[in-house]
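Beneath this line is the structure, given in structure tokens, with notes to follow.
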């Protein structure tokens with residue numbers, strides 16, 4: 512009896528530990544080590560940083576501990592709102608001092624695209640892991656420099672691909688890899704919204720590196736790659752501009768682009784700053800199909816296949832992303848779809864090719 | 512009183528005539544002429560001719576009265592099944608004798624694409640109105656010759672654009688013209704199915720004039736034009752072939768193509784013989800959108816906008832088409848979207864441009 516009772520007690524404790532969210536008290540009760548937490552500072556305090564900070568409140572493996580900003584008043588607000596310690600807050604002038612800060616493990620770079628390279632290089636030199644928002648840079652050349660710098664410094668470089676951790680997306684990727692759609696021969700990605708304030712950094716070539724393509728077109732590029740499970744071998748692209756005042760030199764308003772893949776699959780995509788209602792992925796195979804709409808928005812992703820709708824419940828994307836990135840950095844746990852610098856570089860090479868194809872009017876071999 | 516009574520009688524009779532389907536008895540009661548009926552012969556007795564013949568049983572303005580076929584046994588079957596008189600049945604050898612046949616008004620040419628021109632010229636010379644299945648020809652040059660021949664002979668040339676009479680399609684076209692979607696800047700057309708029997712005429716260049724583009728890609732071309740309400744000014748296109756045995760020289764398996772329009776709108780389309788589940792139109796504007804899926808299939812068209820689903824009930828497309836074409840030929844009643852030779856020629860010019868763009872890899876200005 513005592514043996515059976517002991518077994519039941521143990522089983523019950525294990526069941527409890529497995530069925531509840533992992534908590535310190537249970538871990539302690541089981542005599543396990545506390546799970547390590549990734550201590551993160553956010554660099555660039557725009558609206559997306561606020562979204563990430565809010566999402567991180569629900570993280571179990573990542574914790575917001577600091578900020579880097581060029582605006583002192585913002586730092587004050589963030590310190591108060593998020594209970595940040597003063598010594599974990601930096602300006603762009605003194606950010607190199609972060610090197611000696613033992614309380615910060617990683618920095619999430621959420622500054623304008625045109626500053627990603629410079630900021631990543633600074634942080635790598637300071638020995639911090641870098642999570643860099645997508646697009647990782649404005650050109651593949653910059654991306655390569657960032658990868659090299661992080662490698663030389665022995666820090667990780669991750670790109671903020673939140674969709675790579677989203678449950679519906681991963682389910683469709685798994686189904687595709689398992690052959691449930693047959694041979695997937697066509698991907699369609701439509702990425703667009705009507706951009707507001709014409710004076711924002713996204714419409715400033717030096718800061719953005721480009722227009723809609725850099726901001727949202729990259730979702731269709733990335734989506735084509737993870738849903739088809741191949742890398743493109745050619746790209747063609749066509750640009751249209753209806754408002755050359757709002758969308759100046761080097762800022763693409765609308766680009767349609769196509770990619771060809773080794774299997775014979777093609778992708779046909781739209782990137783635009785002039786139309787709403789555009790956040791759609793469609794994957795077509797010889798045995799079935801998958802659709803996602805919205806496919807990359809911040810809210811719940813709606814996905815269905817020829818069999819029926821997927822039912823994965825919504826978790827704030829940035830919460831999952833930061834927890835999984837912590838697990839990657841701290842435990843080396845690799846995700847199904849990579850989120851490293853090389854993954855970011857693959858997209859940047861395609862962005863480069865698209866701009867080249869627009870310029871030359873010719874098919875660009877990648 | 513007698514004046515008022517007379518007025519009411521007259522009004523009641525008029526209301527009856529307007530509110531009920533037009534019938535011979537009411538027409539006779541009102542002392543009107545019987546509505547004229549278009550007496551049609553079908554040329555080329557393949558499966559689509561059978562579908563048209565079946566649909567015409569429900570027509571009120573068009574009647575199947577004859578056939579033209581190269582297969583005597585088929586003529587026998589059709590004579591019996593449809594109660595056709597022997598003098599209204601022709602072979603390809605004696606079809607020119609149709610000139611003296613006063614019981615046939617028009618011929619619907621449903622032969623392989625590569626024969627459309629020759630057959631249309633023969634029928635025009637015989638003084639018969641021609642309804643020619645789409646694509647009207649295999650090149651714009653052929654289309655122009657057909658238009659010229661019919662004009663010279665004083666007969667009408669209509670192209671079998673059944674979607675131009677479909678209720679959901681027309682509703683979306685009207686909404687677009689009324690500005691309900693705002694400025695429409697993007698059209699996407701996906702047209703594809705997996706083609707079976709590799710020895711069919713559709714995969715024989717001489718008979719088909721091309722592959723999927725001629726057969727179904729033309730739906731996306733045409734759909735882009737009627738949903739955007741503009742004519743393209745440029746075309747780009749990319750070809751992919753995964754099965755060069757089944758899809759030989761000159762038979763396109765898969766082509767992605769794009770069109771640019773004067774307003775700045777773009778169309779991004781897919782034409783393929785290698786994927787099912789592809790019959791989708793998407794029209795995106797600054798104030799809303801429309802989707803159709805299926806968008807051109809023979810069955811019920813499913814359409815919805817940002818406001819909600821459209822509810823027009825299904826009527827067999829070919830029934831409506833033949834009744835409306837009879838009204839066009841007999842009464843000169845023009846449809847909202849043209850179905851004449853010029854309309855067909857516009858599509859053929861784009862098909863020519865797409866093939867040229869595939870060949871040269873360059874943007875083709877139309």
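Chains as they are written, first to last, in this note's numbering: chain A, 512 to 877; chain B, 512 to 877. Backbone N, C-alpha and C define an ideal beta-carbon position, used for all residues, glycine too. Everything numeric in this text was worked out from a predicted model, so none of it was measured.
Does the beta carbon of residue i sit closer than 7 Å to a beta carbon anywhere in chain A?
i, result
"residue 633(B)", "no"
"residue 753(B)", "yes"
"residue 870(B)", "no"
"residue 841(B)", "no"
"residue 517(B)", "Summary for residue 517(B): the model assigns pLDDT 47, below 50, so the residue's position carries little reliability, and this model does not support an answer."
"residue 866(B)", "no"
"residue 788(B)", "yes"
"residue 687(B)", "no"
"residue 781(B)", "yes"
"residue 813(B)", "no"
"residue 757(B)", "no"
"residue 861(B)", "no"
Output yes or no for whether 7 Å exceeds the beta carbon distance between residue i and residue j.
i, j, result
"residue 730(A)", "residue 807(A)", "yes"
"residue 581(B)", "residue 552(B)", "no"
"residue 786(A)", "residue 774(B)", "no"
"residue 670(B)", "residue 850(B)", "yes"
"residue 720(B)", "residue 649(B)", "yes"
"residue 695(A)", "residue 776(A)", "yes"
"residue 800(A)", "residue 817(A)", "yes"
"residue 764(B)", "residue 869(B)", "no"
"residue 837(B)", "residue 595(B)", "no"
"residue 716(A)", "residue 766(A)", "no"
"residue 725(B)", "residue 746(B)", "no"
"residue 700(A)", "residue 735(A)", "yes"
"residue 625(A)", "residue 718(A)", "yes"
"residue 847(B)", "residue 681(B)", "yes"
"residue 692(B)", "residue 798(B)", "yes"
"residue 828(A)", "residue 688(A)", "no"
In terms of residue numbering, what span does the alpha helix (DSSP H) encompassing residue i cover?
i, result
"residue 570(B)", "Premise fails: residue 570(B) is in no alpha helix (DSSP H) and is neither H nor E."
"residue 854(B)", "852-871"
Kindly indicate which three-state DSSP category residue i falls into: helix, strand or coil?
i, result
"residue 648(B)", "coil"
"residue 630(A)", "helix"
"residue 791(B)", "strand"
"residue 732(A)", "helix"
"residue 954(A)", "With chain A covering 512 to 877 only, the question about residue 954(A) has no answer from this structure."
"residue 779(A)", "strand"
"residue 749(A)", "strand"
"residue 802(B)", "strand"
"residue 877(B)", "coil"
"residue 533(B)", "With a pLDDT of 48 at residue 533(B), under the threshold of 50, the modelled position of this residue cannot be trusted; read the value that follows with caution. Residue 533(B) falls in the coil class under three-state DSSP."
Could you tell me whether the Cβ of residue i comes closer than 7 Å to any Cβ of chain B?
i, result
"residue 777(A)", "yes"
"residue 697(A)", "yes"
"residue 483(A)", "With chain A covering only 512 through 877, there is no way to say anything about residue 483(A)."
"residue 784(A)", "no"
"residue 738(A)", "no"
"residue 692(A)", "no"
"residue 769(A)", "yes"
"residue 704(A)", "no"
Residue i to residue j, Cα distance in whole Å?
i, j, result
"residue 533(B)", "residue 844(B)", "Model confidence at residue 533(B) stands at a pLDDT of 48, short of 50, so the residue's coordinates are unreliable and nothing is read from them."
"residue 589(B)", "residue 760(B)", "36 Å"
"residue 830(A)", "residue 710(B)", "56 Å"
"residue 598(B)", "residue 638(B)", "17 Å"
"residue 566(B)", "residue 679(B)", "19 Å"
"residue 832(B)", "residue 810(A)", "44 Å"
"residue 805(A)", "residue 732(A)", "16 Å"
"residue 535(A)", "residue 547(A)", "Confidence at residue 535(A) is low in this model, with a pLDDT of 49, below 50, so its placement is unreliable and no value can be given for it."
"residue 660(B)", "residue 677(B)", "29 Å"
"residue 641(A)", "residue 611(A)", "16 Å"
"residue 713(A)", "residue 559(B)", "53 Å"
"residue 727(A)", "residue 663(A)", "31 Å"
"residue 675(A)", "residue 864(B)", "40 Å"
"residue 862(A)", "residue 822(A)", "33 Å"
State the start and end residues of the unbroken beta strand (DSSP E) segment that holds residue i.
i, result
"residue 552(A)", "549-554"
"residue 816(A)", "814-816"
"residue 724(A)", "Taken as a continuous stretch (DSSP letters only), residue 724(A) belongs to no beta strand (DSSP E), as it is neither H nor E."
"residue 617(B)", "617-620"
Does residue i have its Cβ less than 7 Å from a Cβ in chain D?
i, result
"residue 747(B)", "Looking at the structure shown, chain D is missing, and the protein chains on hand are A and B."
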